Every structure is written in structure tokens, then in C-alpha cells.
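A.B. asks: 1245 is the number that full-length UniProt numbering gives the last residue of the sequence shown; the numbers go up by one with no jumps.
Structure below; questions to follow.
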Amino acid sequence: MPGFAQATDLPAWHKLQEHHQTLARNIELKEAFAKDPKRFEKFTRTFKNDADNSETLFDFSKNFLTDETLELLLELAKESNLEELRDNMFKGERINFTENRAVYHVALRNTSNKPMQVDGKSVVEDVNGVLDHMKEFSEEVRSGAWKGYTGKPINTIVNIGIGGSDLGPVMVSEALKPYGKKEFKLHFVSNIDGTHIAEALKDSDPETTLFLIASKTFTTAETTTNANTAKEWFLKTAKDKSAIAKHFVALSTNNEKVKEFGIDEKNMFGFQDWVGGRYSVWSAIGLSVALYIGFDNFREFLAGAHAMDNHFHTAPLEQNIPVIGGLLSVWYSDFFGAQTHLVSPFDQYLHRFPAYLQQLSMESNGKAITRSGDYVKYTTGPILFGEPATNAQHSFYQLLHQGTKLIPTDFILAAESHNPVANGLHQKMLASNFLAQSEALMVGKTPDTVKAEGAPADLIPHKTFLGNRPTTSILAQKITPGTLGALIAYYEHLTFTEGAIWNINSFDQWGVELGKVLAKNIQKDLDATGETTSHDSSTNGLINAFKKKAGRKGGGLALPVSVAIIDIAILHFSELLFKHPPRKIHNMAEDVRDADEPECNDEQEEKRTALVLYGSETGTAQDLAEELGRLTERLHFTTRVTDLNSIGLKDFLQYSVVLVTISTTGQGDLPANAQTLWKRLRSAKLPAGCLAKLRFTSFGLGDSSYPQFNWAHRKLHNRLKQLGAQVLCDRGESDEQHPEGVDGLFVPWTVRLREKLIDLFPLPPGLDPIADDCFLLPKWKIKIDDVDDLDDSHLKSAMEAVNGHVDEQDDIPPGDLIPVPNSFPATLTANTRLTPDSHWQDVRLFDFSCPDLSPSAYSPGDVLTIYPKNFPSDVSQLLALLGWSAVADRPLHFARTTTATVEPALYPPPPVVLPPTHPPLTLRTLLTAHLDITAIPRRSFFATLAHFTPDPDQHARLVEFTDPALVDELYDYTTRPRRAILEVLQEFTAARVPPAWACALFPALRGRQFSIASGGALKLPHVPGGSGCRVQLLVAIVRYRTVIRRVRQGVCTRYLARLPVGARVAVTLARSGMRVALDRPAVLVGPGTGVAPLRAMVWERAAAAAAAAAIMNGDEGKAADGDAVGGKGPTQLLFTGGRNAAADAFFANEWPQHAPSLAVHAAFSRDQPSKIYVQQRVREQGAAVAAAIAAGGVVYVCGSSGAMPAAVREAVTDALAEHGGMERAEAEETLRRMEKAGRYQQETW
């Protein structure tokens, strides 16, 4: 027994902890290599294998190692008595003390025949005797001298075993397939699932098949069951049991059971009790390997392992390769918190190697009890997994590079392939990936590098790789039998080293035994009649369900699985009813005007305050901020939610916590309602540490198709940190390209945030967080003037209105202007469909007259925000569904829900603020112009709706949608089928939300932004000499069928499409982050409606060129009027297109007016058999593109986000590389510089 109980008791352990805190955890591998040019030589070890005269390189240099680290790890090895335990193993001592056995698999591969003994008795002779038997038998079978019962030679081998009796032989046989006898078919059967044996037998002939039954005790249930099935199959043909001797051999130590089965004792290959299952491939269990690859190769396999044994036994610890590997595993598991270890061979023949190592590692060291009988105080047994590369690169390598977990990784490659096809091309490609992966994991890619490569802003964080991920590279000469043997032995001794440090017994496996014992008991239950009641209720239920489904005559009370699941659901809902009885919900709905306010505990801890800030362009960041506000309120923080511009710097320090949500707009800019504060924060006068008392975190919204992905968020977050603010929780970021939308990343982040807040701000005893199913009282409620409670007759008549019909001709939103701050009226002068009526997409050009706007008020790239309205039919239907029709047209006002004294400036404004002269709101006008009833609902909607739904089934379903753990289920119900709020209410008809809480239920109806398509002469008023200007929008009308076959329409494009000429709408103007160069060459890329801002740019540039020409000619008056086209302005290359030229060639009739400066290259993907996209046209015109850039030109990319922007960027890079006289790296660097200078800009949506 070692002289310590816990590894944490060792002095070296404490030194390593201190070393980790002060130095090692901050190691940057890139910097380490830069500082030490000899690092590779210092931390690389070479293993010389005399079995095949090869060398294998073990590169440990890309691990978190310094000279001091290695010195301390070796000190830990010595203090843990690793050398003594190792030596005792090689002496044959009983180091497996729980089973009182030696651990002597090293004796099985003692090819040098040096003395080895157990309990004073030599084992060399017995081992060699079994090997001689294996040699004789394998050569007889391989030569054809061994005949089956009909005289035919053996050509099929079926190995039946499980665990080590299967994993080892199958792995080695696959790994050494190049050495295998090609005439042999080899099957391995391990699973008790009948499919496994059935498939093997299906491919076998009883006359030519040899079965190897591999079971040390010959009692392993799975193995003996499969063996008996094989025997029955064989005897159906052979008939005579004496034939078994020719076709069945046993790899076992149980003579009696083997003879009982019918196997000739001569065909029994034994091994000793000191051979553990996971080490048994070196023993008679390896007979299938010897048969397949030949005994000489099998002996080389043993010799390779023996060579590694000698190295492990004799090499100094600092040179000992398995010791270093094992110490690194402990280092990562216990000091860096790594839970996993990846082994990824770059060799297809090694595809079963990781599975083999899983048993070796996790069965050995998946222990929690030390050798002294104490529970460990540290982590043991990493989860080992793996898969061959390069397939793994397209599977889980993503997690290695950009995931949140530290995963130490081993890469394995042989320099020589057994199949050097295509003159070694495949092997070179494989090697390049092997070398690249370890380098990429180490160096990563910084945001600056990604930015310099020209990635769109919103893609930068997605293309950023943190790097500094540790790897060990193992480079062999060739996977020969000797090299494979050494490689396996390396991992065996690495595992031994781990166990020695952790002071656990790596050689028993009691965890495997319990399941076996219980399985025998359950087998009896399955055979018995009647209902099983002897286990826990779950196991009893499953046993009885299985018996019923399997057709056995079980008890009458046996439940099928479906009933069991329903039963669980009933129990779950009963718990919900206990927390939230239906009577209380009904009571809340009794008073339509006021409603009973929820009786939730809302005590506030003194000075427990939260400030939730948002910077929002389209309203999404504001929605998330309001969700965070509800989160902090449930944790009893007095919470204020407002935009960033509404606060001063001192406000940051008045709150316990500050939470920020912010989107990125334009070319990495902050939203307008955040820029005032941003200017204050950037002031050079602010002293360092001025925000040291601030605890904050932030969440960013972005689109990874932009190079400036989440830039606004990162700039703000980093600036707050620069000023001394403390981050209370890691920042979070969402991505528009995420398959589950914003919630896919926001919801998990809020779960972590909630845990952190509870940890940092614990609630006082007796005060619990407000439950999620408790309705949080909004700050404002609706009061309907002069209305008493509704009776049932009102509700009935209201519900009947659901079935009413509104003529489509009359279903047009009212024409009054919505009172939007800073808005101005725009009159629709033309609503023109550009695509044919038969075309799949309805694309329109809207022409507005804006009398209050001058032509110079906007520029190409700017956007017009349209504020839509809901349609009368939808509003009426919703009023009816909720029983509000009877009061829908009564005036209402907003009332505060609290009488507490709050400074007016700190209390949020009511949901809708109207000018004094505006008519009072009603429920109908509120729902028409201010609340979004066709949006995809968020979790908060379901939480509110659930509270006011008394029906138990509907209530339970709604509650499920509020569970953060079920975000994927919410996504499948809402986002994936694009199910709208109105459609949800049609399904959950039991909901009875009082009108008082309408603004808490529905999100605000926000404006939608559209890129302006007019510029230059197209901005001039419709009437020559008139006032104001024109604004044109190119809009694709959103209308499609969802996966649930319902028609889905965009709330704003539907509104626009139905607008009659002459209609007035409220609009606002927003400036773009695009910087338009009028006097340089331009490369314009905009497929589909992405051509809109580019059209504006073409017209604007034409006007600028004409004006410049007029000035040159002395005609300044003409230069000022801006009414010009054509001219010889700077070169413009326009790349546009769509599906079909006949339908999607927007503005094709205009482009000739701008010749010769404008060259149009269109790509229409569906007009020829192979699809063509704009990036292909860019490559075709690569010379012109490169020339335009060389002349100082600017590239503008507009249109749909996603794959297009990245593909275009690659095409531009290719053009520079091919036609600009640049290497690829130089071309990428050129684009990076262009982005910094504003010469490569992206505006996508």
C-alpha cells in the first residue's frame, strides 16, 4: 500500500496548485514557442522499437508544459511511489489487492523470455506453452490442413466474446487488416442483441466456419448465450455433435464448462487469473488475431508491446513516455478541470482504436475510492472518446476549436501508408491535416486576423478561434504489428500512471459486476408469470410493460410504456395544480377591468437593485432586456429597464448589477439609442478605474454573415472593463444564423446568469425566488373607461364573432397616421409589381412622396422605416378569441399598478404615449397599430398566457414552453413552423386574459426597415420644382406556406402590398453605416432585392459625375440641380441576378442609361442546367475586379445574409490572387486592409 491516502496530501500536489494559479493556467502556447525556439526538441520524446526497427515520435511540446511544470509533475510521480508500484507490477506482486491478484499482462508479451514469476513460480513456460499451441493451431487452420466436418478448409472465423474478449481482437484485426489473410472472413459477435449473431451467421457456411468462444470463466451470460445460438445453428446442418470439435474452440480457463459445451479439451486455449479482460488480447484471447494475420505477425505484435514495457520499466521518469503522458492527463483533469480526453487517429485502419482505449481507460480508472478505502477528493478517470480523422474533422472537431470545454487531444499518424494510392497524394493530404489540426488548435485565430481577412463584422466572432488548446502528436513510421503493440502498451502504462497518482486500484471492475447480478434476478422476473413487484416502482413498471409487449402472460395490471409515460405526465401536472390551482386562475379572470392581482411574495431586499439597459435598432434587444428585467425581478431585485442613452455614467454606480443587451448595426456601429452614452464612455477624460464598483454583464445580438459580428457589443463590453467594471458573468452573444434563432443562445445564457446572480446575491432565509409560473405584475395596466364586469352573454356573442367573415376588399387597415416619435408622413404614389403574376415571388417597387424631406436628407445605403398596422379581420378575430369584443371600442387609459413613490424619471413610460391632440386609444386601435398579434411568440408570452388558462391540459402545455430546458421544443412549436401569436390563441382557446394585461401579453408592433432604392435624379420631387423628395423601396412581399401548411405573411409587407395609391403612412429615416465613395471605381454586388441600395448608388454616382462635369464646363447651375444620368464617371461593375432573367432582372431597362461607366454582369441561377450565382460572375470578371480595386475602388456587398457574402468575399480574394499579381495570403491581407479603410463594405439582412 502507498504511504499516502489522497493525492491532495502530497506536497507536490500543492506546489502544482500554486504553479497552476501563478503561471501555468496563463500559459500561451504561441508565446511559449516564440520565446523558446528549442521547445519542440525539449518536450519531444522518441521511442525506438526493436520489434520492427522503427521510431515513433511523441510530441508533447504543444501541451501546457514549462520546465517547472514538468519538474513538479515528476516530483508528484515520485511522491506517489509510481516507480515502486510499477516495479511491483513487473515483479508479479498482487497489486490488484481487492481481488488478490497479480497484474501481469506484461508477462504475456515477454518475447525476450526474461525471468518472470508470480508467488515464486515462473510463468514464462506456461505463457510460451499457450503461444506454441496458438502457433500450431493458427498455422494449421491458415494452411488449410485443419478441415471442417465435411473435409472443407476453414474460411470464416466467428469470435464470440464481450468486453476485452471482443474489443481487443476486433480492434487489432481491423488495425492490422493489411496483414490479414484475404481468403478469411472475420466476424466478431459481442452484443446480446440477437441481430449481432444473426448477421454473422447469415454470412457463414457451417461447413467452413470456425467459432472461437472467448470467455475466461465460460459463464459470461452474453457470450454463452451467443455461443449456444451458434451451436444450435451449426447442428441444424451438421446434425452430429461430434462435429463441434472441428468447428468450435474455447479461449477459457474453465475446463469443465468447456467440455460440457462439447468442445474438445485439445481445442481449449487457457490463460491465467492474472490476465484482466481489458489486457487479454495478448493472451489466448488474441487467437482470432493470430489466425487472421499469422503467428509471426502476432509475435511481432507482442514484441512491440514488450519493447514499450521495457521502456516504461527502465527509462528515467523525465524520459519515460507513458509516464509523461499519464502525468499530463492528471495535470489536465485535476488542475484545469478537463473532463474528457480525445484520441483521434489519422489512419482508417485504427477506427476501432478509440473504442478499445475507452475500456482500457474508463474501466481502469473510473473509480472513486482510493487504495486506502477513502472517497477521492479530486477528479479521476477522464471520459475518453475518439474517431478517425479526417472524418472527425467534420464531426466533433468544431467542439475542440470553438467549444467551451478544454479537451486534451492525441493525434496519431503513420508517415507511411499501407495504401499509397495516387502516388501518395492521399497520405500527404492526411498528413497535412494531422499537422494543421495541432497547429490550429494551438495558434487559433484572433478577431484582428479574421477582420484582416475581410470577414463580415458579424462573422468575426464566429470565425475567431481562441486557440491555446493542448495536443499531443504521435508520429509513427508505419502501423506495423510491432508499432501497434507498442502504441497499445503506451496507453496501458499511461493509464497505470494515472491510477498510481490518484491512488486507486486500476485493475478491478466492481462497477461491471452489479449490473450482471441484477440482470440475473430480472431474468427470473421476465420468465415468471404474474406482475413483478419486487423492485422499485420504475423497474417494476418497465418489467411488466416489457412482459406485456413481448407477449408474455403477465399480470393484468401490467402497464404499457405509453401508459407509464401518461401516468408520469399526470403526476407532473398534479404538482403544477398544487402550485397553481385552477380556482385561483378563474378568480383572476373574474374582473375584466382590474382582475385579481396575483398574490406572489414580492418583498424586496434592501439595496438589491438592477439596471437593465438596451441598445436596440429593431426592438429585439429591447425585448431581451425586458426578459432580463423579469428575471431580476423574480430574484427580488428592484429593477429598471431603459435604453442606454437614457442614463448617465453615474447611474452605473447606483445599482447592484447592470445588465446590457445590445445589437450591432451598420458597419459594426452601436444603435442610435446607445450612441450618446457610447460617446461619453469613449471620453479620454475618464480616469481608469472610474467604474470599479460596477458589476455587469452583457449580451450581444449579431449576424455572423457580417465581418463585424457583434462588434458593438464587444466594444461596449471591453470599454466597460477598461474603466474597471467587474464582469459578474461571461458575456453572451446570439447569432441570426443560429438554427434556433436568438433564443438558441440567449436562453442558456440566462440560465447561467440566473445561477450567478443567486450565487453572488443570495436571498435571505425564508425568501425564495418568485416562481416562473407566478404572474409578474407589469408596471402599467389598461383601464377601460366606464365598463362594468362582462357577463357570459357578452362572451358568448364575442366568441360567435370568430366565425364571422370580413370581405377581403374591405380588409384594409385604417388610414390614420400612427403617432411615432420623430416620424414624418409619406404618401404612396405608386405600388408597382415588378415580377410577373405567375412568378413565385411578388416583388414590388413602392414610390413615396415625402414633402417634409429634402433630396439631400438621405444617401445610398440609408433605410426607411415603415410602421405597419394589423388587419381588421385579424384584430376582430383576436378580440373574439379573448372575449374582448364587447369592450373593444371603449376608450381606455393606462394606470400605474403600484402606489409606491417612485421618481417619475425612473418609472417607465406607459406602453403607448400619444400626443395630447390624438384621439384616445381603444382596445381595437391598440391592437391595430401598437401591438404585434402576428409575431412569433416568445417564452414570456406563454408564461403570461399559462397564468390565465384554467384548463389543466392547456395550462400544462403552455408551462412546458416556458421551461429553459425545453427551448428546442419551443423552437419546434413556434419558430420552425413560423406559428404566429394569433394562431397560438386559436389553439389555446381556454385562455382568458383580462384586457388589463394586453400590453404584457403582446409585444410592441415595431417598424420594419427597408433599404432605399432611389438616388440622384430619382430623389427629386415628382413635380419638377416641387418641394420635398421621392423615396423608392424595392420590397419582396413575404408570403409562403409554413411546414404546417399555413399561409404566413410578413406583417409589414402585407400592409404595404394592400396600401392604395394616395395612402399616407408614418415613416422614419435611419442613416446607414455605409460610406459611399462617389469618385472611385466601384464593385457592386447585390443579388435579388440586394440591388436596391446599389441602384441608389448608381444613380447617386451618375448625378455626382454629371455635376462634376458641369462644374468643369462652367455650368454650375446644372451641377446643382442633380438631375443627371450617364456620363463618364468612375468604373462601376454591377453583379446582380436572381432565379430567372424573365422575372428577376430588376431595373434592367435602366442600366443602359449609365453606360459606359456601368458594366452589368447578371447571374440567373435557374436559367440553365447548372446553377450560376453572383460569386461565379465575380470570378469570371476577376481581371476587371482586380483592376478596379487596384485603382482605389470600393467593394459593396448587399442582399441576403448567410452564405452569399462569404462566397462573394472568397471570389474577390480569388480575383486579387489570380489577376492582381498576389499570393493568396497577400490577397487576403489586401481585403483586410480594405475593410479597415472602408473600401470593402457589407450591408446584408
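Glycine included, C-beta positions come from ideal geometry on N, C-alpha and C.
Since the structure is predicted, the reported quantities are computational estimates derived from the model, not experimental observations.
Assign residue 1235 to buried or exposed, taking buried as 16 or more other Cβ atoms, counted over all protein chains shown, within 10 Å of its Cβ.
C.D. replies: The count along the sequence shown starts at 1 and reaches residue 1235 at position 1235. So residue 1235 ends up on the buried side.
A.B. asks: Using a 10 Å radius around the Cβ and a threshold of 16 neighbouring Cβ atoms, would you call residue 375 buried or exposed?
C.D. replies: To locate residue 375, count along the sequence shown from 1; it is residue 375. Classification for residue 375: exposed.
A.B. asks: Can you tell me which of 861, 1215, 743 and 829 puts its alpha carbon nearest to the alpha carbon of residue 847?
C.D. replies: The residue given as residue 847 occupies position 847 in the sequence shown. Among 861, 1215, 743 and 829, the Cα nearest to that of residue 847 belongs to 829.
A.B. asks: Would residue 578 be called buried (16 or more neighbouring beta carbons within 10 Å of its own) or exposed?
C.D. replies: To locate residue 578, count along the sequence shown from 1; it is residue 578. Only weak support is given to the placement of residue 578: the predicted model assigns it a pLDDT of 33, under 50, and the value that follows is read from those uncertain coordinates. It is exposed - the Cβ of residue 578 has fewer than 16 other Cβ atoms within 10 Å.
A.B. asks: Roughly how many angstroms lie between the CA atoms of residue 661 and residue 719, to the nearest whole one?
C.D. replies: Position 661 of the sequence shown, counted from the start, is the residue given in the question as residue 661. Position 719 of the sequence shown, counted from the start, is the residue given in the question as residue 719. When rounded, the distance between both Cα atoms is 15 angstroms.
A.B. asks: CA-CA distance, residue 581 and residue 950?
C.D. replies: Position 581 of the sequence shown, counted from the start, is the residue given in the question as residue 581. Position 950 of the sequence shown, counted from the start, is the residue given in the question as residue 950. Low local confidence applies: a pLDDT of 37 at residue 581 is under 50, so the model's placement there is unreliable, and no value is given.
A.B. asks: Can you name the residues that DSSP bridges to residue 344?
C.D. replies: Looking up residue 344 in the sequence shown gives position 344. DSSP lists 411 as partners of residue 344.
A.B. asks: Which first and last residues belong to the alpha helix (DSSP H) in which residue 738 is found?
C.D. replies: Within the sequence shown, numbered from 1, the residue matching residue 738 stands at position 738. No alpha helix (DSSP H) contains residue 738, which DSSP labels as neither H nor E.
A.B. asks: State the DSSP-derived secondary structure class of residue 123, mapped to helix, strand or coil.
C.D. replies: As a first step, residue 123 must be located in the sequence shown, where it is residue number 123. If DSSP states are grouped into helix, strand and coil, residue 123 belongs with coil.
A.B. asks: Short check: CB of residue 967 to CB of residue 743, under 7 angstroms?
C.D. replies: Taking the first residue of the sequence shown as 1, we reach residue 967 at position 967. Taking the first residue of the sequence shown as 1, we reach residue 743 at position 743. Yes. Within cutoff.
A.B. asks: Should the stretch 438-458 be called in touch with the stretch 324-343, which here means at least 3 C-beta pairs below 8 angstroms?
C.D. replies: With a cut-off of 8 angstroms, the stretch 324-343 and the stretch 438-458 do not count as touching, because too few Cβ pairs lie within range.
A.B. asks: Just to confirm the assignment, what range does the alpha helix (DSSP H) spanning residue 825 have?
C.D. replies: In the sequence shown, residue 825 corresponds to position 825, counting from 1. It is not in any alpha helix (DSSP H) - residue 825 instead sits in the beta strand (DSSP E) that spans 824-833.
A.B. asks: Helix, strand or coil, according to DSSP, for residue 138 in the structure here?
C.D. replies: Residue numbering aside, residue 138 sits at position 138 when the sequence shown is read from its first letter. Residue 138 falls in the helix class under three-state DSSP.
A.B. asks: Measure how close the beta-carbons of residue 1092 and residue 1011 come, nearest whole angstrom, since I'm counting them as under 8 angstroms.
C.D. replies: Translated into the one-based positions of the sequence shown, residue 1092 becomes position 1092. Translated into the one-based positions of the sequence shown, residue 1011 becomes position 1011. So it is a contact: roughly 5 angstroms between Cβ atoms.
A.B. asks: In whole angstroms, what separates the C-alpha of residue 1048 from that of residue 1038?
C.D. replies: Numbered from its first residue, the sequence shown carries residue 1048 at position 1048. Numbered from its first residue, the sequence shown carries residue 1038 at position 1038. Their Cα atoms are separated by approximately 8 angstroms.
A.B. asks: Can you list the alpha helix (DSSP H) stretches of 4 or more residues lying completely in the stretch 157-198, in chain order?
C.D. replies: Correct list: 164-175.
A.B. asks: For residue 209, which three-state DSSP category applies?
C.D. replies: For the purposes of this step, residue 209 is taken as residue 209 along the sequence shown, with counting starting at 1. It is a strand residue.
A.B. asks: My output table needs one value for residue 782: the three-state DSSP class, helix, strand or coil.
C.D. replies: As a position in the sequence shown, residue 782 is number 782, starting the count at 1. Residue 782: strand per DSSP, three-state reduction.
A.B. asks: Quick check for students: name the residue ranges of the beta strand (DSSP E) that lie wholly in the stretch 1191-1222, counting only runs of 3 or more.
C.D. replies: List check, beta strand (DSSP E) in window: 1194-1199.
A.B. asks: Pick helix, strand or coil for residue 1040, following the three-state DSSP scheme.
C.D. replies: The residue you call residue 1040 lines up with position 1040 of the sequence shown. The answer is strand: DSSP assigns residue 1040 an E or B state.
A.B. asks: Can you list, in chain order, the residues of its chain whose CB lies under 7 angstroms from that of residue 572, leaving out five sequence neighbours each side?
C.D. replies: Start at 1 with the first residue of the sequence shown, and residue 572 comes out as number 572. Low confidence applies here, because residue 572 scores a pLDDT of 31, under 50, leaving its location unreliable; read the following figure in that light. Closer than 7 angstroms at Cβ, skipping near neighbours: no residue.
A.B. asks: Counting pairs of beta carbons, one from the stretch 1167-1185 and one from the stretch 409-425, are three or more of them closer than 8 angstroms?
C.D. replies: No, because fewer than three Cβ pairs between the stretch 1167-1185 and the stretch 409-425 fall closer than 8 angstroms, the two stretches do not touch.
A.B. asks: For residue 90, I'd like the list of residues in its chain whose CB is within less than 7 angstroms of its CB, leaving aside the five on either flank, ordered along the chain.
C.D. replies: For this step, residue 90 is matched to residue 90 along the sequence shown. The answer, listed in chain order, is 106 and 313.
A.B. asks: Is it buried or exposed for residue 911, if we count other Cβ within 10 angstroms and need 16 for buried?
C.D. replies: For the purposes of this step, residue 911 is taken as residue 911 along the sequence shown, with counting starting at 1. Residue 911 comes out buried.
A.B. asks: Mapping DSSP to helix, strand and coil, what is residue 700?
C.D. replies: Residue 700 sits at position 700 when you count from the first residue of the sequence shown. Three-state result, residue 700: strand.
A.B. asks: DSSP on residue 686, reduced to helix/strand/coil?
C.D. replies: Position 686 of the sequence shown holds residue 686. DSSP places residue 686 in coil when its eight states are reduced to three.
A.B. asks: Decide if residue 547 is buried, meaning its Cβ has at least 16 other Cβ atoms within 10 Å, or exposed.
C.D. replies: As a working mapping, residue 547 is identified with position 547 in the sequence shown. The residue is buried, with at least 16 neighbouring Cβ atoms inside 10 Å.
A.B. asks: In this structure, how does DSSP classify residue 847 when only helix, strand and coil are distinguished?
C.D. replies: As a working note, residue 847 is residue 847 in the sequence shown. In this structure, residue 847 counts as strand in the three-state DSSP scheme.
A.B. asks: Whole angstroms are fine: how far does the CA of residue 158 sit from the CA of residue 207?
C.D. replies: Taking the first residue of the sequence shown as 1, we reach residue 207 at position 207. Taking the first residue of the sequence shown as 1, we reach residue 158 at position 158. Going by the C-alpha atoms only, they are around 13 angstroms apart.
A.B. asks: In the structure shown, what three-state DSSP assignment does residue 491 receive?
C.D. replies: As a first step, residue 491 is located in the sequence shown; it is residue number 491 there, counting from the start. Three-state result, residue 491: helix.
A.B. asks: What is the rounded straight-line gap between the Cα of residue 818 and the Cα of residue 1066?
C.D. replies: Here residue 818 is taken as the residue at index 818 of the sequence shown, counted from 1. Here residue 1066 is taken as the residue at index 1066 of the sequence shown, counted from 1. Each residue's Cα considered, the two are about 6 angstroms apart.
A.B. asks: Short check: CB of residue 372 to CB of residue 5, under 7 angstroms?
C.D. replies: Here residue 372 refers to the residue found at position 372 of the sequence shown. Here residue 5 refers to the residue found at position 5 of the sequence shown. In this structure, residue 5 lies closer than 7 angstroms to residue 372 by Cβ.
A.B. asks: What does a CB cutoff of less than 7 angstroms around residue 897 pick up in its chain, not counting 5 residues either side in sequence?
C.D. replies: To locate residue 897, count along the sequence shown from 1; it is residue 897. Cβ within range, chain order: 777, 778, 779, 780 and 781.
A.B. asks: Considering only the beta carbon of each residue, do residue 418 and residue 709 sit closer than 7 angstroms?
C.D. replies: Residue 418 sits at position 418 when you count from the first residue of the sequence shown. Residue 709 sits at position 709 when you count from the first residue of the sequence shown. Taking 7 angstroms as the Cβ cut-off, residue 418 and residue 709 do not qualify as a contacting pair.
A.B. asks: Which value, in whole angstroms, describes the spacing of the CA atoms of residue 226 and residue 276?
C.D. replies: One-based indexing of the sequence shown puts residue 226 at position 226. One-based indexing of the sequence shown puts residue 276 at position 276. Rounded to the nearest angstrom, the two C-alpha atoms are 22 angstroms apart.
A.B. asks: Residues bridged to residue 118 by DSSP?
C.D. replies: Taking the first residue of the sequence shown as position 1, residue 118 is located at position 118. Residue 118 pairs with 121.
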